[in-house]
Each structure stands twice: as structure tokens, then as C-alpha cells.
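As numbered in this note's numbering, residues 24 to 363 make up the sequence shown, in order.
Since the structure comes first, as C-alpha cells, the remarks are kept for the end.
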Amino acid sequence: MSCKSEPTFKLNRKGLILGLLGFAAFCAFFISRGIGEVLGLLREAGWLLVPLALWHLVPLAFDTLAWRSVLRGENGQRIGLARLFGIRWTGESINALLPVFSIGGEVYKLSRVTAHSIALTSAAASIVVDTTLALLSEILFVVCGIAVLASLHDNASLPQGLAAGVAIAATVAALVFVVQRGHLFEQLARVLAKIGLGEAWLKQLGNLRQLDARIHALHQDPVALFRCFLARFAAWTLGTGEVWLGLQVLGHPISLLEAFALESLCQAVRTAGFAVPGALGVQEGGYILIGRYFGLDDSTALALSLARRVRDLVLGVPALAVWQFSASKRLLGKKPSEKV
24 MSCKSEPTFK LNRKGLILGL LGFAAFCAFF ISRGIGEVLG LLREAGWLLV
74 PLALWHLVPL AFDTLAWRSV LRGENGQRIG LARLFGIRWT GESINALLPV
124 FSIGGEVYKL SRVTAHSIAL TSAAASIVVD TTLALLSEIL FVVCGIAVLA
174 SLHDNASLPQ GLAAGVAIAA TVAALVFVVQ RGHLFEQLAR VLAKIGLGEA
224 WLKQLGNLRQ LDARIHALHQ DPVALFRCFL ARFAAWTLGT GEVWLGLQVL
274 GHPISLLEAF ALESLCQAVR TAGFAVPGAL GVQEGGYILI GRYFGLDDST
324 ALALSLARRV RDLVLGVPAL AVWQFSASKR LLGKKPSEKV
């Protein structure tokens with residue numbers, strides 16, 4: 024089974040509505056806090072924002088290593104690290120810049136991986152397991168961040184408020200991980216069919232059984248799972264560098280421990296807003312709320328958030344441009360019968 028055609032993304036109405044609401048909140052934050060002051064901080068930073076954007080390639084490389092540790096074909100086929108890094112980079116750019124509910128990038132990754140002789144079930148299984156371990160490692164990252172914040176601020180109420188949410192998220196993620204060891208997708212298709220929502224899925228039961236089998240096989244390789252989890256946790260941790268560097272160039276330096284706590288908690292907020300394209304407004308609100316525990320005024324918090332938006336554009340736009348150029352070349356290179 025393969026999926027070698029180029030993915031196409033239709034404009035999703037719900038995604039558009041959430042995107043517009045997020046953009047409205049994004050604008051409201053900047054207008055209410057004084058956009059001139061925020062932009063002034065970015066102007067003072069100037070070219071120093073470039074290394075801030077480039078630093079993101081470091082955690083992105085570790086994310087790629089995590090995915091590669093659980094990605095292999097049924098006959099042991101592997102994809103070169105450099106090529107997989109490019110696929111990962113473009114997939115992340117699609118999720119960051121397009122209204123695709125953070126799943127458009129996964130569809131793209133599936134299409135490109137299967138184009139390199141990896142079966143669709145193997146590619147999908149790797150993404151399912153990698154995403155689950157990413158969530159589990161992020162939960163550990165957030166727990167560590169809460170512990171750091173609690174040690175730095177004895178009277179902070181935020182860690183106590185987040186603890187319940189983290190505990191619930193950890194329980195759900197652990198359950199999902201355990202359930203994956205069974206026949207999750209086959210059973211899900213049967214449940215959906217019983218309530219009248221999954222008849223089409225039942226036609227794919229053979230494929231879903233194969234997917235469940237590939238996921239189960241990955242769960243039998245604890246070394247690969249540990250490598251994936253460890254690389255994912257390293258990627259989250261290395262994201263601390265963006266916060267630390269960003270606040271250095273914005274003239275509000277903080278310690279690495281504070282940057283670690285700030286990054287972990289803001290990533291938790293951003294993940295919670297996954298349905299909003301690019302977490303527009305969600306990320307900004309998180310930086311304002313959590314930044315106050317580290318002495319950041321609202322303008323500095325928004326400038327840091329906007330600097331990371333600039334990073335998304337600096338790294339994302341070229342990736343999307345290369346994707347579209349490559350897709351056009353592949354389409355033009357196909358025979359007429361293959362374009363149908």
C-alpha cells in the first residue's frame with residue numbers, strides 16, 4: 024500500500040474561523056499593549072533575530088532523529104537523515120503557517136515518506152508512535168518546568184493550577200500509549216460504525232489491521248522507543264535556547280533555569296491551542312500570563328512571541344516555496360496517465 028501522490032489541502036471552514044478568531048486575539052493583544060513599543064524592541068534587536076531563528080534548526084534536528092528511530096519499512100528500509108530532516112522541516116512549516124489543524128504536515132510527511140519506498144502503514148505507524156512519545160516527553164518537560172518555577176517562586180500559584188491539567192494529560196497520553204499495543208484503529212473503526220460514523224472505515228479494516236500490527240511491532244522495540252522519547256525530550260529542552268537568546272537580544276536577560284521553565288509552560292499553552300492555526304493569540308496570551316512570573320512586562324513578552332513568529336516565517340516560507348517548486352517539477356515530470 025502506498026501514497027505517492029502530492030497532498031492537497033482544501034481551505035477548512037472551521038480552521039478558517041478559528042484562524043480569524045486567533046488573528047483577532049493576536050491583534051487585540053498588540054493594540055492594547057502598544058504595538059509601537061513591541062516593534063521598537065524588535066528594531067533594537069535587529070539582525071540578532073537571525074541567529075534566534077536559526078537556533079530552531081537544532082531542536083528540529085533532534086525531532087528528526089526521534090522520528091527516524093521509529094521509522095523503518097517492513098523490510099528494514101530507512102531514509103537518509105538529511106532527506107528526512109527536509110521532510111520534517113516542511114511538515115512543521117505547513118502546520119505552523121497553514122490552517123490545517125496541525126495535521127496537514129503529517130499528511131505531507133506520509134506522502135513524502137511513502138514516495139521513498141516506505142509502506143503507508145509503516146510510515147503512519149511511525150508518526151503515531153512518534154507523536155505519542157512527543158506528547159509524553161512534553162508532559163515530562165512541563166512537569167520539570169513546573170518544578171523549576173515552584174523552586175524559583177515559593178508563592179507562585181500557577182504551578183498548582185497547572186498540576187491538575189498535567190496529571191490529566193499524562194493519564195490520557197499513557198492510556199493512549201498502552202491502548203496502541205492492542206488493536207486501537209481496528210476497534211475504533213468498529214465503534215464508529217456502530218454509531219453510524221465509520222462505515223467507510225470498515226472498508227479499510229485490512230489496512231487498519233496492518234497499521235495496528237506495525238504499531239505493535241514498534242512497541243516491541245524498547246530501544247527505539249527510548250531513543251525516540253529521549254530525542255524528543257532533548258528537542259523540547261533545546262527549545263529553551265530560543266527563549267534565553269530571545270530575551271538576551273530583547274534586553275531582558277533571564278537565567279537558563281528561568282528560560283527552561285518559561286519555555287516548558289508556554290509550550291503547554293501552545294499545545295493546548297493546537298486547533299487554532301499557528302496558535303495565533305493563544306501563544307501571545309501564554310507569554311503574557313506566564314511571563315509575568317519571570318518579571319517580563321507585557322511588551323517584552325509580546326516581542327518574544329513575535330520574534331518566534333518571525334522565526335516561523337524565516338524558516339517556514341522557504342520550506343513551503345521549495346515544496347511547491349518540487350511538487351510542480353514532479354507533476355510536470357509525470358506521464359499524462361499518471362496525472363489522473
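Glycine included, every Cβ here is placed at the ideal spot set by N, Cα and C.
Small disclaimer: the values here were computed from a predicted structure and weren't measured.
Exercise. Could you pull the start and end residues of the alpha helix (DSSP H) that Asn118 belongs to?
Key: Leu104 to Leu120
Quiz item: In chain order, which alpha helix (DSSP H) runs of at least 4 residues are fully inside the segment 296–354?
Solution: 305–314
Quiz item: Around the C-beta of Gly296, are 16 or more other C-beta atoms found within 10 angstroms, so that it is buried, or is it exposed?
Solution: buried
Self-check item: 7 Å Cβ cutoff met for Ala284 and Gly168
Solution: yes
Quiz item: Under the three-state reduction of DSSP, which class applies to Asp86: helix, strand or coil?
Solution: helix
Quiz item: Which term fits Ala324, buried or exposed, when burial requires 16 or more other beta carbons within 10 angstroms of its beta carbon?
Solution: buried
Self-check item: Ala282 in three-state terms, based on DSSP
Solution: helix
Self-check item: DSSP-derived helix/strand/coil call for Glu262
Solution: Correcting the residue type first, residue 262 is Gly in the shown sequence and not Glu. The answer is coil: DSSP assigns Gly262 none of H, G, I, E or B.
Quiz item: So, do the segment 238–245 and the segment 136–151 have three or more beta carbon pairs nearer to each other than 8 Å?
Solution: yes
Self-check item: C-alpha gap between Ile162 and Ala257, whole angstroms
Solution: 13 Å
Quiz item: From Val166 to Asn98, what distance separates their C-alpha atoms?
Solution: 38 Å
Quiz item: When DSSP labels each residue in this structure, what does Ser140 get in the three-state scheme?
Solution: coil
Practice problem: Go through its chain and collect everything with a Cβ distance to Val299's Cβ below 8 Å, but skip five positions before and after it. | Solution: Leu41, Gly42, Leu44, Gly45 and Val305
Self-check item: Simplified DSSP state of Asp153, which is helix, strand or coil
Solution: helix
Self-check item: Three or more C-beta pairs below 8 Å linking the segment 78–92 and the segment 247–257
Solution: yes
Quiz item: Do you know offhand how far Tyr316's Cα is from His176's?
Solution: 8 Å
Exercise. For Glu67, count neighbouring C-beta atoms within 10 Å of its own C-beta (all shown protein chains included) and say buried if the count is 16 or more, exposed if not.
Key: exposed
Quiz item: Should Leu80 go down as buried or exposed, given a rule of 16 or more other Cβ atoms within 10 Å for buried?
Solution: exposed
Quiz item: Is the Cβ-Cβ distance between Phe53 and Leu303 less than 7 Å?
Solution: no
Practice problem: Look at the Cβ atom of Ala119, then the Cβ atom of Asp335, and state whether they are nearer than 7 Å. | Solution: yes
Self-check item: Sub-7 Å separation of Gly269 and Leu327 beta-carbons
Solution: yes
Practice problem: Go to Arg15, then tell me how far its alpha helix (DSSP H) extends in each direction, as first and last residue. | Solution: Because the chain here runs from 24 to 363, residue 15 falls outside it and cannot be looked at.
Quiz item: Between which two residues does the alpha helix (DSSP H) containing Pro276 stretch?
Solution: It is not in any alpha helix (DSSP H) - Pro276 carries neither H nor E in the DSSP assignment.
Quiz item: Do the CB positions of Trp78 and Gly264 come within less than 7 Å of each other?
Solution: yes
Exercise. Excluding the 5 residues preceding and the 5 following Leu121 in the sequence, name in chain order all residues of the same chain whose CB lies nearer than 6 Å to its CB.
Key: Gly127
Practice problem: Please report the residue range of the alpha helix (DSSP H) in which Gly59 lies. | Solution: Ile58 to Ala68
Practice problem: Output yes or no for whether 7 Å exceeds the beta carbon distance between Ser116 and Gly339. | Solution: yes
Practice problem: Could you pull out every residue in the same chain whose Cβ sits closer than 6 Å to the Cβ of Val266, ignoring the five residues on either side in sequence? | Solution: Ala282, Leu285 and Glu286
Exercise. Compare the Cα-Cα distances from Val272 to each of Ala47, Val61, Arg353 and Leu72 and report the closest residue.
Key: Leu72
Quiz prompt | Helix, strand or coil at His239 according to DSSP, with G and I counted as helix | solution = helix
Quiz prompt | Val337 vs Ala76 beta-carbon contact at 7 Å | solution = yes
Quiz item: Got a sec, what are the start and stop residues for the alpha helix (DSSP H) Leu77 sits in?
Solution: Leu72 to Trp78
Exercise. Would you kindly check if the distance between the Cβ of Ser322 and the Cβ of Glu60 is under 7 Å?
Key: yes
Self-check item: Member of Ala84, Arg101, Gly63 and Ile58 whose CA lies at the smallest distance from the CA of Gly274
Solution: Gly63
Quiz item: What do you get for Ala142, buried or exposed, if any count of 16 or more other CB atoms within 10 angstroms of its CB means buried?
Solution: buried
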